[in-house]
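Below is one structure, written out as structure tokens; the observations come after it.
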Amino acid sequence: MTAKTSLMTAAPPPAAARAPEARTLVFCACALAVLALGAVLTQTIANPYVFFAAFIIVQQVALATGWNVLGGYAGYINFGATAFYGAGAYTGAFLLKAYGASIFLCLPAAALVGGGLGLLMGYMTLRVQGVYFAIATIALVVMMHTLVLNIDYLGGASGLALMPPEPPAWTGGQVQFVFLVMLGIAVLAVACARWIEISWVGRGFRALRASEEAAECAGVPTFRLKLSACAISGAILAMTGAPLVFYASFIEPETVFGLALALNAIAMPLIGGKKSWPGPIIGAVLLGSVQQAATITISSELNILLVGVVLIGFVAAAPDGILGLVDTLRKGRQ
Amino acid sequence: MFLDQFVNAIGTGVMLGSIYAALALGLAVTFGLLHIPNIAHPAFVVAGAYVVAVGNSCGFDPLLVALVALVPFYVAGLGFYEFYARLFERRGAADTMNALTLFFGVSLVVETALLIKFGTNQQSVSVAYVGQSLTIGLLSLPYRLLVPALLAPVMILLLWLYLRFTHAGIAIRAVAHDERALSVSGIDPRWIKRHAFGIAAATAVVAGAALIIIGPVDPFGGRLMIGRTFAVVVLAGMGSLPGTIAAGILIGVSESMVSAFASPSWAPAVAFSILLATLALRPEGLFGAHR
Amino acid sequence: MSDPILLVENVEKSFGALRALGPISVSLKAGERLGVIGPNGSGKTTLINCLTGTLTPSAGEVWFLGRKVTDLAPHRRARMGLARSFQIPKPFTGMSVLENLLVPLDHLHDVADPRARAMEVLASVGLAGRAGHEAGGLTQLELRKLELARALAGRPKVLIADEAMAGLSDREIDDVLAILERLNESGVAVIMIEHIMHAVMRFSHRIICLETGRLIADGLPDAIANDPLVQKVYFGEQARH
Chain H
6 MTAKTSLMTA APPPAAARAP EARTLVFCAC ALAVLALGAV LTQTIANPYV
56 FFAAFIIVQQ VALATGWNVL GGYAGYINFG ATAFYGAGAY TGAFLLKAYG
106 ASIFLCLPAA ALVGGGLGLL MGYMTLRVQG VYFAIATIAL VVMMHTLVLN
156 IDYLGGASGL ALMPPEPPAW TGGQVQFVFL VMLGIAVLAV ACARWIEISW
206 VGRGFRALRA SEEAAECAGV PTFRLKLSAC AISGAILAMT GAPLVFYASF
256 IEPETVFGLA LALNAIAMPL IGGKKSWPGP IIGAVLLGSV QQAATITISS
306 ELNILLVGVV LIGFVAAAPD GILGLVDTLR KGRQ
Chain C
3 MFLDQFVNAI GTGVMLGSIY AALALGLAVT FGLLHIPNIA HPAFVVAGAY
53 VVAVGNSCGF DPLLVALVAL VPFYVAGLGF YEFYARLFER RGAADTMNAL
103 TLFFGVSLVV ETALLIKFGT NQQSVSVAYV GQSLTIGLLS LPYRLLVPAL
153 LAPVMILLLW LYLRFTHAGI AIRAVAHDER ALSVSGIDPR WIKRHAFGIA
203 AATAVVAGAA LIIIGPVDPF GGRLMIGRTF AVVVLAGMGS LPGTIAAGIL
253 IGVSESMVSA FASPSWAPAV AFSILLATLA LRPEGLFGAH R
Chain R
141 MSDPILLVEN VEKSFGALRA LGPISVSLKA GERLGVIGPN GSGKTTLINC
191 LTGTLTPSAG EVWFLGRKVT DLAPHRRARM GLARSFQIPK PFTGMSVLEN
241 LLVPLDHLHD VADPRARAME VLASVGLAGR AGHEAGGLTQ LELRKLELAR
291 ALAGRPKVLI ADEAMAGLSD REIDDVLAIL ERLNESGVAV IMIEHIMHAV
341 MRFSHRIICL ETGRLIADGL PDAIANDPLV QKVYFGEQAR H
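Chains as they are written, first to last, in this note's numbering: chain H, 6 to 339; chain C, 3 to 293; chain R, 141 to 381.
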């Protein structure tokens with residue numbers, strides 16, 4: 006997180022023109038360092054609980070980042086992150102049950118399923134405005150949930166317990182291995198989000214968010230961009246879900262399509278800041294850590310209530326999240 | 003046997019559909035007329051159902067409780083609109099999205115608050131007529147469905163008359179069309195919208211009464227209803243009240259057909275499928291005009 | 141006689157039972173300055189939307205640069221060189237002024253240095269000093285200029301300026317008119333939709349007047365100003381205000 010992210014404040018053009026390559030190098034170095042650190046930790050920390058908790062937090066980062074591609078950059082609010090996450094989780098579970106597939110096969114398969122679902126979603130809501138898109142995403146969760154409940158092979162309402170294959174020996178155990186995989190997904194998701202953000206694609210997404218009509222009349226293929234945003238976001242969210250069954254050895258529709266995940270996916274980018282890639286990370290790490298600590302001390306209901314109140318607070322007072330607040334403060338001081 | 007099942011599926015579907023229309027009525031006003039995407043409305047309905055349950059446990063008739071609770075719900079609606087308007091009345095696309103998130107948060111807070119106060123146990127009401135049925139030939143109409151089903155057309159008729167024949171009602175329809183025209187004529191559009199939002203919130207408690215007479219309600223009962231209510235409003239064509247009841251019945255009958263002839267476990271997906279199909283194929287609704 | 145670069149042939153647009161436009165036929169020659177006037181609700185906006193492709197006509201055809209574009213998506217027409225500005229400015233908020241201009245340039249392949257091109261256009265409308273500012277924080281006049289600059293970034297052949305001067309002071313109107321005149325001198329045809337009469341009269345080579353979706357007059361500014369039909373609908377309408 007060392008790269009400067011004041012994209013919005015727009016430094017004067019000459020400086021901005023020089024900076025990107027250098028920043029990308031720094032970003033890549035940091036990404037590799039994070040992965041290496043994760044690998045080192047799995048070798049040095051003995052307590053597996055650390056990795057159970059860290060998995061969840063890193064999963065939140067990937068979830069928030071995936072959500073933000075569509076919700077933050079392109080401005081299409083998705084209340085149904087769990088539809089994609091669940092599709093990915095059940096893709097993983099199906100492949101594991103049917104073929105004893107490796108997690109590395111489940112990830113691309115889940116990404117394909119999620120991307121396809123995203124495309125379908127985009128097509129269905131092609132002719133309507135953003136509000137309807139948001140409502141349609143709620144619809145998608147209920148439909149996916151109903152679908153899974155009715156497929157006996159996937160365990161229906163009672164869920165599915167599966168034994169994942171042995172992890173590679175060097176990782177030190179199943180949870181350490183799955184944690185590393187999730188870390189890889191999160192880094193990939195963030196790198197993807199960052200690339201979008203600084204390229205013409207992100208500029209197109211932001212133009213979509215500001216005014217679809219003006220973007221279209223300025224020569225932006227809005228429909229194709231909207232579909233891409235849906236597909237990329239859907240693929241990341243689904244890929245984030247795929248390791249779940251390898252992590253928990255168990256999967257059930259109530260958790261996978263549950264409220265807490267859908268809420269978190271929206272709350273985290275909103276709390277951190279929706280406009281640039283560090284926002285979702287900040288929100289996810291903050292909210293994820295607080296929730297990990299809080300579930301021990303307070304009930305999960307109170308947890309949801311608190312997140313709900315914080316969400317309302319941020320929407321009302323600081324819609325650009327913590328990064329937005331920092332930006333405002335910095336401008337005020339100048 | 004088949005005919006019997008068919009006739010009763012239709013009967014149940016019509017009654018359910020009428021109730022869905024009652025649930026969607028508040029949304030037809032806020033979303034259809036005011037263009038405020040209040041996805042928290044189903045949560046308001048569930049809150050209304052809880053109020054009715056509490057009143058009933060003190061020995062009062064559910065409908066009586068609902069009538070009395072109209073006033074506090076109206077006032078709460080006014081307050082909530084004021085909160086919303088101060089934050090988001092600038093009317094950009096970004097504002098709409100933030101408003102959606104706000105309503106999402108509010109519905110969560112309402113649901114979870116109910117959960118914490120009352121626990122996960124379902125709430126229900128006890129009235130004399132629950133358990134009895136009206137039988138006409140093959141058709142058997144349980145009163146627990148029939149009573150709320152008759153409530154809906156009454157509510158819709160009253161609201162329709164109000165919007166058509168009173169000054170405030172006409173002003174609400176005018177504000178839906180063109181806000182500026184209204185301020186020229188000397189009425190404060192903000193007052194009118196607040197008033198309309200209050201009415202929408204008030205319908206939630208009656209709808210809540212209808213919901214809880216049908217059967218027990220739990221805090222998250224609103225979740226499934228989001229799909230049904232929005233399906234009704236969109237299918238009806240934004241803000242069309244007579245369309246609301248037709249759309250409700252269409253969805254109700256589809257659901258009860260699926261329940262009767264496929265499996266009840268598929269029923270929740272019916273409303274959403276209809277909603278998605280409507281959005282994809284005919285976004286202006288079945289009964290709405292082209293815009 | 142040069143061929144028209146933009147041609148509207150018997151175009152009609154209905155919303156349900158309501159016919160908002162047409163049938164109407166209009167043509168525009170390369171480098172022409174065409175003024176479009178008419179009271180509110182006369183179909184001006186519907187006409188523009190049929191030109192840009194935001195609406196598909198119910199009947200009739202639209203030709204641009206000798207190609208039938210009736211069913212072509214707006215962004216494809218924009219890339220062919222049909223640009224528009226919006227009556228209510230629609231800046232891409234959340235981006236700098238410079239980036240606003242990069243958006244259209246991202247989708248054109250023949251621009252060697254998009255940033256240089258964007259700065260050049262910004263300078264030509266007097267917004268160079270604002271390049272790094274957030275687009276949402278501009279003044280009304282600056283927003284109008286940004287609308288024009290964004291439309292001009294891709295070197296269009298036709299610019300549709302939809303009430304580009306509404307709500308501006310007389311001096312600011314002169315400012316915008318000067319930009320449009322310079323632009324036209326560089327060869328861009330301009331369609332000016334405007335309520336500010338003296339501005340349209342001064343700017344246009346030719347003016348058309350719409351009323352209830354139909355063309356009621358087409359001619360030189362002087363002829364239009366003295367046309368009894370135009371005077372009736374126009375000044376009749378204004379008298380009602």
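By construction, the Cβ of each residue, glycine as well, lies at the ideal position given by its N, Cα and C atoms.
Closer than 7 angstroms by beta-carbon distance: list the chain C residues that pair up with residue i, in chain order.
i       : result
F84(H)  : F106
I143(H) : I228, G229
Cβ closer than 8 angstroms: which chain C residues qualify as neighbours of residue i?
i       : result
Y137(H) : V236, L281, P285
Answer yes or no: do residue i and residue j have a C-beta to C-beta separation smaller than 8 angstroms?
i       : j       : result
S275(C) : A269(C) : no
M149(H) : A88(H)  : yes
L104(C) : G313(H) : no
Q65(H)  : A220(H) : no
L222(R) : T192(R) : yes
L153(C) : A212(C) : yes
G229(C) : L277(C) : yes
G28(C)  : A209(C) : yes
P37(C)  : T231(C) : This sequence places His at residue 37(C); Pro is not what is there. No, the Cβ-Cβ distance between H37(C) and T231(C) is not below 8 angstroms.
P231(R) : L286(R) : yes
A51(C)  : Q125(C) : yes
F226(R) : D302(R) : yes
G245(C) : L80(C)  : no
K279(H) : G76(H)  : yes
T142(H) : P285(H) : no
F210(H) : L131(H) : no
G183(R) : E152(R) : no
F262(H) : F56(H)  : no
Assuming residue i and residue j form a contact by the criterion Cβ under 8 angstroms, report the distance between their Cβ atoms to the nearest whole angstrom.
i       : j       : result
A191(H) : V63(H)  : 5 angstroms
I287(H) : L334(H) : Rounded, the Cβ-Cβ distance is 15 angstroms, inconsistent with contact.
I177(R) : V340(R) : 6 angstroms
G224(C) : V67(C)  : Wrong, their Cβ atoms sit about 19 angstroms apart, outside the cutoff.
P258(H) : A162(H) : 6 angstroms
M240(C) : L148(C) : About 30 angstroms separates the two Cβ atoms, so there is no contact after all.
Taking Cβ-Cβ distances shorter than 7 angstroms, what residues in chain R pair up with residue i?
i       : result
P324(H) : None at all; the shortest Cβ gap to chain R is about 11 angstroms.
W205(H) : D246
Below 7 angstroms on C-beta distance, what does residue i contact in chain H?
i       : result
F232(C) : I140
G294(R) : G224
L89(C)  : A321
W268(C) : T151, N155
E239(R) : R208
P39(C)  : V136
R290(R) : A223
Residues of chain H with a CB under 9 angstroms from the CB of residue i: which are they?
i       : result
A218(R) : E221, C222, A223, G224, V225
F226(R) : S216, E218, A219, C222
I118(C) : S304, E306, L307, L310
S275(C) : A144, M148
For residue i, return the contacting residues in chain R, with the cut-off set at a CB-CB distance below 9 angstroms.
i       : result
R214(H) : F232, T233, G234
K336(H) : Result: empty, since nearest Cβ-Cβ is about 10 angstroms, beyond 9 angstroms.
G209(H) : V243, D246, H247
For a contact meaning CB atoms closer than 8 angstroms, what does residue i contact in chain H?
i       : result
V111(C) : L310, G313, V314, I317
For residue i, which residues in chain C fall below 9 angstroms Cβ to Cβ?
i      : result
V74(H) : Simply none; closest approach about 15 angstroms.
Check whether the segment 284-302 of chain R and the segment 238-255 of chain R touch, using three or more Cβ-Cβ pairs below 8 angstroms as the test. yes
What are the uninterrupted segments assigned as beta strand (DSSP E) that are 3 or more residues long and contained completely in the segment 105-163 of chain C, given in chain order? 135-138, 141-144
Alpha helix (DSSP H) runs wholly inside the segment 214-270 of chain R, at least 4 long, in chain order: 214-220, 237-246, 254-265
Within 8 angstroms, do at least three Cβ pairs link the segment 78-95 of chain H to the segment 136-149 of chain H? yes
Could you check whether the segment 241-258 of chain H touches the segment 262-280 of chain R, counting it as contact only if at least three pairs of C-beta atoms, one from each stretch, sit closer than 8 angstroms? no
Which ranges does the alpha helix (DSSP H) cover as unbroken runs of at least 4 residues, wholly within the segment 69-154 of chain H, from first to last along the chain? 86-104, 108-129, 135-154
Could you tell me which uninterrupted alpha helix (DSSP H) segments, each at least 4 residues in length, are contained entirely in the segment 156-181 of chain R, listed from first to last along the chain? none
Would you be able to state if there are at least three C-beta pairs under 8 angstroms between the segment 173-190 of chain H and the segment 129-141 of chain C? no
Does the segment 340-349 of chain R come into contact with the segment 358-372 of chain R, if we say contact requires no fewer than three beta-carbon pairs (one atom in each stretch) closer than 8 angstroms? yes
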